[in-house]
């Protein structure tokens, strides 16, 4: 804070006194002057006091002027600069707080959106895995069903073949019964063990060891020469 100060020049009383002392002859010589000169002497003797009073009044006026002309702290440029800087910093702080609050809200919304997206993706993956597992199970079940169906078809085909073979064997047996009867009466033919035969119950002589072999149904359902 700057203050304006008015400098009042000092009043020298020594100069007035010395001036009076320098002219003693005038004062002495004026003793014989008329009464008018005596009044003039009295007037000159009062001048120092008037100067002192004038100096005091001037000093008081100077102090009053100085007090009135002093600058208030709020009116100084330094105060104004600090106040402006404070206002700017306050505005920046409020703006930063507002931006921070908005950023927090945006971040919260982004996190919620990300969490929702993650949940949706997890649900999609779970649904896709479930569908894939169900598809694999259906394919496996279909494959097993096809295998079972193929096995049943094969078994049925084998059964039909066995039935057909048995029917053929029976037909052959019926057709060869007269020849078998003749063969039995002659002692039977020479046959190979495991070979097909016709006429269930017919007998023959093994070509390997001479044992008697009988024509009967084997495990495959066909007539073979067996022990």
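Residue numbers (this note's numbering): 19 to 245. Here a beta-carbon is modelled for each residue, glycine too, at the ideal position from N, C-alpha and C.
Touch test, the segment 135-152 against the segment 163-181, Cβ-Cβ under 8 Å, three pairs minimum: They do not touch, by the three-pair rule.
Nearest neighbour of residue 224, chosen from 213, 217, 218 [CA to CA]: The option with the nearest alpha carbon to residue 224 is 213.
For residue 259, the first and last residue of its enclosing beta strand (DSSP E): Any question about residue 259 goes unanswered here, given that the chain covers just 19 to 245.
Residue 248 versus residue 167 - alpha carbon distance: In this structure the chain extends from 19 to 245, so residue 248 is not present and cannot be described.
Segment limits, beta strand (DSSP E) that includes residue 215: From DSSP, residue 215 is part of no beta strand (DSSP E); its letter is neither H nor E.
Residue environment, residue 236, which counts as buried when at least 16 other CB atoms sit within 10 Å: So residue 236 ends up on the exposed side.
Residue burial classification, residue 209 (beta-carbon count within 10 angstroms, cutoff 16): Residue 209 comes out buried.
Candidates 216, 219, 243: closest to residue 229 by CA position: Distances from the CA of residue 229 to each of 216, 219, 243 were compared; the closest alpha carbon is that of 243.
Counted within 10 angstroms of its Cβ, other Cβ atoms place residue 74 as buried (16 or more) or exposed: Here residue 74 is exposed, its C-beta having fewer than 16 other C-beta atoms within 10 Å.
CA nearest to the CA of residue 226, picked from 183, 211, 232, 239: Closest by alpha carbon: 211.
Nearest-angstrom beta carbon gap, residue 187 and residue 216 [assumed within contact, 8 Å]: Cβ-Cβ separation between residue 216 and residue 187: approximately 6 Å, consistent with a contact (criterion under 8 Å).
Residue interval of the beta strand (DSSP E) (run including residue 235): Segment 230-235, the beta strand (DSSP E) holding residue 235.
Residue 47 versus residue 79 - alpha carbon distance: Only weak support is given to the placement of residue 47: the predicted model assigns it a pLDDT of 40, under 50, and the question is left unresolved by the model.
N-terminal and C-terminal residue of the beta strand (DSSP E) that residue 242 is part of: Element bounds for residue 242: 241-244.
Local Cβ density within 10 Å of residue 125, reported as buried at 16 or more and exposed below that: Counting every other CB atom within 10 Å of its CB across the protein chains shown gives residue 125 a total below 16, marking it as exposed.
DSSP bridge partner residues for residue 208 (one or two, in chain order): Answer is 223.
Buried versus exposed, by CB contacts within 10 Å (16 or more), residue 233: Looking at its Cβ environment, which holds 16 or more other Cβ atoms inside 10 Å, residue 233 is buried.
Nearest to residue 239 (by Cα), restricted to the options 220, 68, 222, 185: Comparing C-alpha distances from residue 239 to each of 220, 68, 222, 185 shows the shortest one belongs to 185.
Separation of residue 221 from residue 192, as counted between CA atoms: Going by C-alpha positions, residue 192 is about 16 Å away from residue 221.
Per-residue DSSP class, three states only, for residue 66: Secondary structure at residue 66: helix, using DSSP grouped into helix, strand and coil.
Same chain only: Cβ atoms within 7 Å of residue 142, ignoring 5 sequence neighbours per side: Shown here for residue 142: not one same chain residue has a beta carbon closer than 7 Å to its own, the five before and five after excluded.
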